[in-house]
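Trainee: Let me give you the structure first, and then I'll get to my questions.
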Amino acid sequence: MRDTGESMENMEQLQVVVNEVQSARQQLANLRAQVLELETTVESVKNQPEDLALHQQMGGVMVEVSDREALVSELEQTLTALREHLGRFTEREAELMSTYDQLKQMLAESENA
């Protein structure tokens, strides 16, 4: 068996990575929920008949929207930014999983040595 100090260090690194993976997955779930909610909002705004008033929450009050096109544009820009953020987080999760797999392999090899 290899040096137990090295094995303990790898175990500690593995635990740190596991915690980071769990955190990344929680953030991914939150981002996915936000993207889905915003997609639904954009569709609802686009499908709202022109002759019906459209309202938007601003702070603690609801205000009538006078420029629907500006609202849709703003929502779509926010949606694009959220999707980009989701993409970056997805990449980060993949990196963390790769690191996790490498550390797990190192631990298995040190136990078999």
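In this note's numbering, the protein residues as written are 160 to 272.
We put the beta carbon where it would ideally sit given N, CA and C, even for glycine.
Remember, predicted model here, so these are calculated numbers, not experimental data.
Can you give me the start and stop residues for the alpha helix (DSSP H) that Gln215 sits inside?
Mentor: That residue, Gln215, is in no alpha helix (DSSP H); its beta strand (DSSP E) goes His214 to Met217.
Trainee: With Glu223 as the anchor, note down where its beta strand (DSSP E) starts and where it stops.
Mentor: Val220 to Glu223
Trainee: Hey, out of Met265, Met167, Val176 and Gln207, whose CA is closest to Arg251's CA?
Mentor: Nearest option by C-alpha distance: Val176.
Trainee: For the alpha helix (DSSP H) that Ala261 lies in, which residues bound it at each end?
Mentor: With the sequence shown as reference, residue 261 is identified as Gln, and Ala is not the correct amino acid for it. Per DSSP, Gln261 belongs to the alpha helix (DSSP H) from Arg227 to Asn271.
Trainee: Assuming the contact rule is C-beta atoms closer than 8 Å, Val180 and Met265 should be a hit. Round their C-beta distance to whole Å, please.
Mentor: Wrong, their Cβ atoms sit about 17 Å apart, outside the cutoff.
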